[in-house]
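Residue numbers for the first sequence, in this note's numbering: 3 to 638. Here a beta-carbon is modelled for each residue, glycine too, at the ideal position from N, C-alpha and C. Data block below; observations after.
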Amino acid sequence: MDSLHVTFADGRAVDVRPGIRVVELAASAGAKNLVAAKIDGQLVDLNRVLDKDCTVEWVAPESKDGLEVLRHSTAHLMAQAVQSLFPGTQVTIGPTIDDGFYYDFKSDHVFTPEDLESIEKRMQELAKANLKVTREELPRAEAIELFGKMGEAYKVEIIEGIAADTVSLYRQGDWVDLCRGPHVPSTSAIKAFKLTSIAGAYWRGDSRNPQLQRIYGTGWANKKDLEDYLKRIEEAKLRDHRRLGPALDLFSLHPIAPGSPFFHPKGTIIYNILIQYMRDLYQRYGYSEVVTPLIYKTDLWKTSGHYEAFHDDMFLMNVHDGEYGVKPMNCPGHCYLFGSRKYSYRDLPIRFADFSRLHRFEPSGVLSGLTRVRSFAQDDAHIYCTPEQLDGELEQFVAMTKEVYKVFGFDRIEVTLQTRPEKFLGRIEFWDAAEAGLRRCLERSGFTVEVLPGEGAFYGPKIGFDFRDVLERSWTLATVQIDCAMPERFGLKYVTSDGSEAVPMMLHRAVLGSIERFIAILLEHCAGAFPLWLAPVQLRVLTVTDDHKEYAGKVVEQLKADGWRVEFDGRNEKLGFKIREAQLAKVPYAVVIGEKEVAAATVAPRRRGGENVAPLPVLEFANNLRAEVAQEMGQA
RNA sequence: GCUGGCGUAGCUCAACGGUAGAGCAGCUGAUUUGUAAUCAGCAGGUUGUAGGUUCAAGUCCUAUCGCCAGCUCCA
């Protein structure tokens, strides 16, 4: 065979000599500005040699694959820079992540923010030096010897874990790293990057292992994309609930109670509306709300299994006659409630809803605004049902979740199925049945699902509905979990149709998740501009001059009597100033009252954002508001 | 909890080891104003806290609390 048949992505085909390198093929095909190629669907270096008929697809730096390659190569460039500046530093792993990359190092030197600047500078020099990036393959044993000689203990450990006979190395200049690749053909292809932060990270992600130093960076195809990204991050910070919440006077945090938010009057309005919204849904979905104790003797959690698994995360206290604990979750209490009387299969399902405040002693390092707190409430409920009712209950939960998220406009949901962890309670056959039930439910739900093996709770598998905050961090809001342990541990029974006793199925579920976390995500989702039905202040009545205060006062009373949350701004200020303040406070409507409105007995509403509504009588305005709320809540 | 960074007025930020300052917010007064900032004046601080070094500490050191980024964990 003296020629190879190459087919391009656009359908064109050429015959080329065997042994041609991809980069030469690109040149002859007129393809420019490439970082890699896909041969038969597999991402490869441009220096790869062609030895058989194949299809070829070019990978531009801006493409998803291109950025992946580029960022990976940038991570290598960073590692090279770090090792040249700080001899003795060992490299470990350096993968790409969303928008960038990181590399974990073991070094006696402690990296500082100033170091990032010098590392960046060295990276730029190395990029400019246009070092050829070359791939070579080495037998496993030789690679182990090579990295062993270099003092790269972590790399040796990685290679020892690789099953293949040969491993691939990448060289650029005098620097070499173990890597699967592919990489850019030369360091000069790396044009736009920035090192962003330093953090600690455990080797292989295990806190029992040595802690490494991780340097994060972001990398892009060109300077403009980099600038755009940095700008996007800056803008996202403006939507951060930790900034917006206090600025809008919704909540605050004080060192006197770390991780335990104070909700101000305006934040409390939102808090209570969310709970009321769930209560209304509960009415429709057949839940029964209960109120249960906050503090229990620790025997409760010894029975449930939480004491052993959760001990360090609980607020415990010794009081007079023994050890008590503040509840970190509602389930054990609900089990007592369920067990306190005899239920028949005819009573099931029983759905106990509970908005109790929960306390968990989270490690100080994980506390963050409202997303990770030590004191919170959930729209929590536990469902006790027969095995036959399981699928129906799961289906109902998914329907409820979909209904809720539609109202809030949450569409970027990531659904995960989290299965049995290494440490678990209960019988394996329960777990298998439970996981099968969750899988059936998800298959019918239409969601794209990611399975996270071993990530389930210690008492059962779960489905998580995750959302991202403005900084792209993922948080679980809704969750449904099947309990494979607690009903049995608490000796729960119900009477079946044949008069015998059986252990009920138990589900844990929340739609909003923690109210605190939900408010955080909601706040960032709408950038503080809450929809009318949720806005803590829905209307602000503004006077043009003092002459209009009397009529405006009557309008305020009328609107309040009609159930609206109204503020009155009758200050001696210019209208423009008051409008500006209402706008900055993100009040949905500024209701302007001047001479014309007094004369015509109307109001002149201005929507948040600037749109003016034609003046109309107060009651008519209120009717329009009612219609707007109904539409927001999907009841129109 | 671990690693690193940061704590100055209500907020955003200044201040070489040498008298803690500005803008906004607040208060007082003037101005009576039509859809995103009227003007003037006043007040505001044990520089997170506790030690230490120094003639002198917001600045240097130690401890501690909190916050931020990430890791481990998690609604």
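Please report the distance separating the alpha-carbon of residue i from that of residue j.
| i | j | result |
| --- | --- | --- |
| G639 | A39 | The question about residue 639 has no answer here: the residues shown for the chain are numbered 3 through 638. |
| A33 | L27 | 9 Å |
| K344 | L396 | 24 Å |
| L197 | L392 | 50 Å |
| G411 | W535 | 14 Å |
| M80 | D167 | 29 Å |
| L360 | M319 | 15 Å |
| V16 | E122 | 42 Å |
| A83 | W205 | 21 Å |
| A355 | K408 | 22 Å |
| G261 | G530 | 21 Å |
| V605 | L586 | 21 Å |
| D315 | I430 | 26 Å |
| D282 | H322 | 41 Å |
| I192 | M125 | 9 Å |
| V505 | I217 | 52 Å |
| L128 | N224 | 17 Å |
| G13 | F113 | 50 Å |
| K226 | R414 | 27 Å |
| R608 | A616 | 9 Å |
| L296 | R142 | 59 Å |
| Y309 | H336 | 16 Å |
Identify the continuous beta strand (DSSP E) that holds residue i and give its terminal residues.
| i | result |
| --- | --- |
| W566 | W566 -> no beta strand (DSSP E), and no H or E assigned at all. |
| L6 | 6–10 |
| D685 | There is no way to answer for residue 685, as the model of the chain reaches only from 3 to 638. |
| P607 | 606–609 |
| S476 | 476–485 |
| S30 | First-last for S30: 24–31, but that is the alpha helix (DSSP H), not the beta strand (DSSP E). |
| E59 | 56–61 |
| I669 | It is not possible to answer for residue 669, since the shown part of the chain is limited to 3 through 638. |
| D349 | No beta strand (DSSP E) holds D349; DSSP gives it neither H nor E. |
| Q44 | 44–46 |
Does the separation of the CB atoms of residue i and residue j fall below 9 Å?
| i | j | result |
| --- | --- | --- |
| S75 | V37 | yes |
| V558 | F570 | yes |
| P423 | G466 | no |
| A554 | I595 | yes |
| L419 | V375 | no |
| E474 | D101 | yes |
| Y298 | K268 | no |
| N35 | A11 | no |
| M280 | Y386 | no |
| T294 | N332 | yes |
| L440 | I484 | yes |
| R353 | Y287 | yes |
| D67 | C56 | no |
| T403 | W477 | no |
| C639 | L427 | Nothing about residue 639 can be reported from this structure: the residues present for the chain run from 3 to 638 only. |
| F579 | R511 | no |
| F492 | P257 | no |
| N49 | V24 | yes |
| I271 | R567 | yes |
| L180 | K108 | no |
If I follow the unbroken alpha helix (DSSP H) through residue i, where does it start and stop?
| i | result |
| --- | --- |
| V546 | Looking at the DSSP string, V546 is not in any alpha helix (DSSP H), and its letter there is neither H nor E. |
| C337 | 333–341 |
| A194 | A194 -> not in any alpha helix (DSSP H); beta strand (DSSP E) instead, spanning 194–204. |
| N626 | 620–634 |
| H243 | 243–249 |
| F467 | Element bounds for F467: not the alpha helix (DSSP H) but the beta strand (DSSP E), 464–470. |
| I581 | 577–586 |
| E597 | 597–602 |
| R491 | 488–491 |
Unbroken beta strand (DSSP E) runs of length 3 or more, entirely within the segment 130–162: which are they? Taken in chain order, the whole beta strand (DSSP E) runs of length 3 or more contained in the segment 130–162 are 135–141.
Does the segment 132–148 come within contact of the segment 235–244, defined as at least 3 CB pairs closer than 8 Å? The segment 132–148 is not in contact with the segment 235–244.
Runs of alpha helix (DSSP H) lying entirely within the segment 499–556, each at least 4 residues, in chain order: Qualifying alpha helix (DSSP H) stretches, in chain order: 517–527.
Which runs of the beta strand (DSSP E) fall wholly inside the segment 382–431 and span at least 3 residues, in chain order? The segment 382–431 contains these whole beta strand (DSSP E) runs: 416–420.
Kindly provide the ranges of any alpha helix (DSSP H) runs that are 4 or more residues long and lie completely inside the segment 254–308, ordered along the chain. Segments of the alpha helix (DSSP H) lying fully in the segment 254–308: 267–287, 301–306.
Contact between the segment 504–522 and the segment 365–379 (3+ Cβ pairs under 8 Å): Taking a cut-off of 8 Å on C-beta distances, the segment 504–522 touches the segment 365–379, as three or more cross pairs fall below it.
At least three beta-carbon pairs within less than 8 Å, the segment 540–553 to the segment 248–267: The segment 540–553 vs the segment 248–267: no contact.
Can you give, in chain order, each stretch of the beta strand (DSSP E) that sits fully within the segment 71–114 and has at least 3 residues? If one requires a minimum length of 3 residues, the beta strand (DSSP E) runs lying completely within the segment 71–114 are 102–108, in chain order.
Below 8 Å, can you find three or more Cβ-Cβ pairs linking the segment 90–109 to the segment 146–156? The segment 90–109, when compared against the segment 146–156, does touch it at the 8 Å Cβ threshold.
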